[in-house]
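S.K.: Structure in C-alpha cells, see below.
Here it is as C-alpha cells:
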C-alpha cells in the first residue's frame, strides 16, 4: 500500500513518479515550509487544550449562579471558547441560544478537525457550516488547514461573509500547491481588519485593487506570498494605521521601498530581495533583518536608512551580506564618519560577523561608528568556509593567531568608553582551542580603555 502524504495529493504523487521524481521529497520540503510559516503566525486567542487555572468546589445549595450573570458577561464567556464548545452552549437553554447567536466568535479551522488526516473537503464543509449557522460577527478567524486551489469559489464566499460580519483578525494560509493560487481580491473589501496574516498565495495585481486599503489595520504578516516589485510598498502606503510589518519566506527578488508615518516595527526574515530602503518612517522603532538572501547569489543586499529619528533596535547587520547606506552615503571600511552618517537613536545593535573573513572584519569598526549611542551590542560569530589572515581592528594589522573573536573583544574593551560589563558565552567549549580557564585568564588581562 502506498504511503499517504501530508502535503501531496495522490494525483500529484502519481504524476511525479511517472516523471521519475520522489513525491516524498516534495512532501518533506512542504512540511518544513509550513512549519516555518506556522511558527511565524500569531496564536489564536482560544485553545482546545486550555486548562483551568483555578477551581472552586460547587456550592451545595444548588443555586444556578451562572444564569444570574448578565448577557454581556455570558457573551464574554462564550467568546473565549473554541467555536465547537461555543455552539454547544446553545443546547443549555433558550437564553443561551440568544447568547450564542449574538456573541462575536473565534473560528479556527484546526479546531474543527477531528483527525490529523482530515481531508480538505471535510474542513471546507465544516467552516461553511459554522459561517452559515452564526450570523453575528467573528472577531478572529484562522484558516490554515486547507488547500484552497480547487475551492476558490467557497473562499470568496467566506471572505464576503467575513466582510459583512466585521471580522477584526484574519489569518489566511493556503496549503502549498504546485501552482500559485491567487489571493481573492474580495479580501481587500474587509475594512474592519486590525490584524492580517496571509501565507502561500499569489498576490493580486495591485493595479486592479483600485486603491483598496485597510483603514484600521495595525499588523500585517506576509508569508511566502508571490508578489511583484512594488506590491509591498503599495500595501504599506495604503494602510495609514499600520504599525507592524512582518515579512517571511522566499520570493523572487524585489526592491523594498518603505514610506510610512505609522510603522513602528519591521521584521523581514528568510526573504529574497535585492534591496530594502526605509526612506521615511518617522515612528519606526525596530528594524530586524534575518537570513535574507539576494537572488543574484553572492551579491550583497543594499540596506538604505533614511529618515528614522526614533529607530532604537537594528539588526542583524552582516558584513559580506549587506551593504549599508545612510542618508545617500555608502558605508565602507575606513570611511571617515560624519554626523550625517550616524544614526544616534539606535541603542540596541545586532551583528553577525565571520571573524575568519578579512573583508568582513574590516567593516565592523565602520558599522559601529555609525551607531555611537549603542548601549547593547549583540555579536554572533558566524561560521565561514574560507580561512583568511586575521585582522587587528584597532591598528589594521594582520594577525597570525587564530584568536580572532578575542581580538574583536579586545578592540571593544579598549574603545567602548561607557562600557560597564561584557558577557562572553562559549557555545560549546569542545569546539575552541582555548579552555574555559584560558579564556577567562585572557579576558581578565585585556587592557581597559585608556582615559
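Residue numbers (UniProt numbering): 1 to 451.
Think of the CB as a built atom: it goes at the ideal place given N, C-alpha and C, for glycine as much as any other residue.
Computed from a predicted model, the values in this text were never measured in an experiment.
1. So the candidates are 70, 68, 45 and 188; which of them puts its Cα closest to the Cα of residue 83?
2. Mapping the DSSP letters down to three states, classify residue 193 as helix, strand or coil.
3. Counting C-beta neighbours from all protein chains within 10 Å, is the total for residue 224 16 or more, i.e. buried, or is it exposed?
4. In terms of residues, what are the limits of the alpha helix (DSSP H) holding residue 367?
5. Look at residue 253 and residue 274 and say whether their C-beta atoms are less than 8 Å apart.
6. Do the CB positions of residue 175 and residue 147 come within less than 8 Å of each other?
7. Where DSSP assigns a beta bridge to residue 304, which residues make up the other side?
8. Just to confirm the assignment, what range does the alpha helix (DSSP H) spanning residue 75 have?
9. Run the CB neighbour count on residue 91, radius 10 Å, all protein chains shown included, and call it buried at 16 or more, exposed below.
10. Our contact map puts residue 202 next to residue 182 with C-beta atoms below 8 Å; I'd like the distance itself, whole angstroms only.
11. In this structure, what does DSSP give as the bridge partners for residue 463?
12. Taking only heavy atoms of the ligand HEM into account, decide whether any of them is closer than 7 Å to the Cβ of residue 378.
13. Work out the CA separation of residue 137 and residue 71 for me, nearest whole Å.
14. Is DSSP giving residue 38 helix, strand or coil here?
15. Thinking C-beta only, is residue 163 closer than 8 Å to residue 190?
16. So, with DSSP's three-state summary, where would you put residue 372?
17. Whole angstroms is fine: what's the gap from residue 333's alpha carbon to residue 410's?
18. Determine the direct distance from the alpha carbon of residue 293 to that of residue 110, and round the result to whole angstroms.
19. Using the rule of at least 16 other Cβ atoms within 10 Å of the residue's Cβ for burial, across every protein chain shown, is residue 375 buried or exposed?
20. I need the DSSP call for residue 454, collapsed to helix, strand or coil.
M.R.: Taking the definition as stated:
1. 45
2. It is coil, neither helix nor strand.
3. buried
4. 358 to 369
5. Cβ atoms of residue 253 and residue 274: closer than 8 Å.
6. yes
7. Residue 304 is bridged by DSSP to 277 and 325.
8. Under the DSSP assignment, residue 75 falls in the alpha helix (DSSP H) whose first and last residues are 71 to 79.
9. exposed
10. 5 Å
11. Outside the shown range of the chain (1 to 451) lies residue 463, about which nothing can therefore be said.
12. Looking at this structure, you won't find the ligand HEM or any other ligand, since it has none at all.
13. Between the alpha carbons of residue 71 and residue 137 lies a distance of about 16 Å.
14. helix
15. Closer than 8 Å, so yes.
16. coil
17. 19 Å
18. Looking at the two C-alpha atoms, the distance is approximately 33 Å.
19. exposed
20. Since the first and last residues shown for the chain are 1 and 451, residue 454 lies out of range.
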